[in-house]
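Chains as they are written, first to last, in this note's numbering: chain A, 0 to 253; chain B, 1118 to 1249. These notes concern the structure reproduced below.
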Amino acid sequence: MSAPGRFSGKVALVTGGSRGIGRAVVVRLAGEGAAVHFTYRSSAEEARALAASLTKSGRVTAVECDVRKKDAIDAAVDALVEKEGRLDILVNSAGIIRDGLFLSLSEEDWSEVLDTNLGGTWHFCKAAARQMMAQRSGRIVNLSSIVGGLGGYGQANYAASKGAINALTKSLACELASRGITVNAVSPGMVRTDMSEAARSAFGDKIREKIPLGSFAEPEEIAAAVAFLASDEARYITGQVITVDGGISLLGRR
Amino acid sequence: MSNEKLELVKQVKSVIAQALRVEESKIELGSSLIKDLGAESIDFLDIVFRLEKTFKIKIPKGELFPEKLLTDARFVKDGRVTPAGIEELKKRMPDAPWGPFSENPLVSNLGDLFTVGMIVDYLSEKLAAAQP
């Protein structure tokens, strides 16, 4: 039985849900009543533990899936629709970084990041939108990053993938609006996750000084914005990239 | 019309009604999807997906609605379908009413040829071919 709440009766799919922001989104949506399927690639143990810990709050299913593989994605979405009968919310959170100076980035650094972050988002949007179009309703929320708009030192591949996600988000929003599907992105600054750990330990203090609100984000703070965009209340918002960064992208200093 | 065909027409009308949000009673075999029923480009995709589901078939891209052809420079020039393009379209849609279109082959008029009847004809053939 799902918990009563904002997402009661809704079916959600969260990619990259075993860790980081994706995990916080899974916890939030399940906690507010959604049946949640989430994908993971390498963190089988974390995924199992997460699913087990949430059995009380709702129906949570962990699905192993490499978001670079179109066939695996189609199969995952088909299986979800077969089981749940519908798909209301897609959150594309699966992402990786392979930071390095542009001139030293390998072909692999480039393609792995683009294929995972952008390719995964594109494949999942496509598979989900087809089902949502038949339902004539749906919410898609893509995880972006402020570097997608600002650029980032040593992040040419990551920034390119996130900038492209912003453009993809806006284009899909145009195309799918007539089907009652909204498509938005959430663009975080520096968040306390495994992914950003290296960067935070290398120059965390320097970055923190530039954040007007004074601290890094917790994954839950990003999940709150994702949940809002995925909710019925956000029905009139589409094609937007919502920045959740403690103000770091502002010119002002603390 | 055979009972089988009548059933097919009924199912197609129901699919179109769902995709375009129009009343089934407003849908005739001769209705143009664009001109009479207000279809836009994404509606054609919606119709294809719904047909695939309803009839449990696969409709390869461009087989029912040859929309790719319209962005092909060999077949379309200055907003008009070239003679080569018309030949190609006739091959795909032999039953469409080509007379009036050939006289003024504006791409924008092409939608008139996409009718409910065209979908029924396409499915009749497709489903017959799928019979064991």
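Think of the CB as a built atom: it goes at the ideal place given N, C-alpha and C, for glycine as much as any other residue.
Excluding its 5 nearest sequence neighbours in each direction, L1146/B has C-beta neighbours in its own chain below 6 Å: V1233, G1234, listed in chain order. For A34/A, there is no enclosing alpha helix (DSSP H); the enclosing beta strand (DSSP E) has its first and last residue at 34-39.
Using beta-carbon distances, I1133/B does not count as an interface residue toward chain A, since no partner is under 8 Å. Spanning the alpha carbons of R40/A and D1238/B requires a straight line of approximately 46 Å. For N116/A, no alpha helix (DSSP H) segment is defined, and its DSSP state is neither H nor E. Secondary structure of R129/A (DSSP, three-state): helix. In the structure shown, I88/A falls within a strand segment according to DSSP collapsed to helix, strand and coil. Spatial neighbours of R178/A in its own chain (CB-CB distance under 6 Å, excluding positions within 5 residues in sequence) are listed in chain order as M132, R135.
In this structure I221/A does not touch V240/A by the C-beta definition: roughly 13 Å separates them, more than the 8 Å allowed.
Residues of the stretch 146-177 of chain A with a C-beta less than 9 Å from any C-beta of chain B: E174, L175, S177, listed in chain order.
Inside the stretch 133-203 of chain A, DSSP marks whole alpha helix (DSSP H) runs of 4 or more residues at positions 146-149, 155-175, from first to last along the chain. In the three-state reduction of the DSSP assignment, T1199/B falls in the coil class.
Per DSSP, reduced to three states, the secondary structure at A216/A is strand.
Looking at the DSSP output, S1149/B bridges to T1232/B.
Assigned with DSSP and collapsed to three states, L1162/B falls in helix. Taking C-alpha positions only, L1150/B is separated from K1194/B by approximately 24 Å. Listed by position along chain A, the residues whose Cβ is nearer than 9 Å to that of I1159/B are M132, E174, L175, S177, R178. Closer than 8 Å at the C-beta level to chain A, one finds these residues of the stretch 1167-1178 of chain B: R1167, K1170. A61/A is bridged by DSSP to F37/A.
Within chain B, the residues whose beta carbon sits less than 7 Å from that of R129/A are F1166, listed in sequence order. Residue pairing of A11/A in beta bridges, as defined by DSSP: V35/A, I88/A. Look at D1189/B: its C-beta is not under 8 Å from any C-beta on chain A. As DSSP reads the structure, T242/A sits in a beta bridge with S186/A.
Going by DSSP, R47/A is part of the alpha helix (DSSP H) stretching over 43-52.
C-alpha of E106/A to C-alpha of R97/A: approximately 11 Å in a straight line.
The beta carbon of D1163/B sits closer than 8 Å to some beta carbon of chain A. With respect to the C-alpha of F1161/B, the residue from K1173/B, P1200/B, G1179/B having the closest C-alpha is G1179/B. Note: V1193/B is bridge-paired with V1198/B in the DSSP secondary-structure output. In the three-state DSSP reduction, L1223/B falls in the strand class (E or B).
Scanning its chain for C-beta atoms nearer than 6 Å, with the 5 sequence neighbours on each side dropped, one finds around A172/A the residues V182, T237, G238, in chain order. 8 Å or more divides the Cβ of V59/A from the Cβ of A75/A. With respect to T38/A, A93/A sits close: the two C-beta atoms are nearer than 8 Å. The DSSP-derived three-state label of L1186/B is helix.
In the structure shown, the three-state DSSP call for L1154/B is coil.
Here the alpha carbons of Y157/A and K209/A stand approximately 21 Å from one another. Separation of L142/A and M1118/B (C-alpha to C-alpha, rounded to the nearest whole angstrom) is 54 Å.
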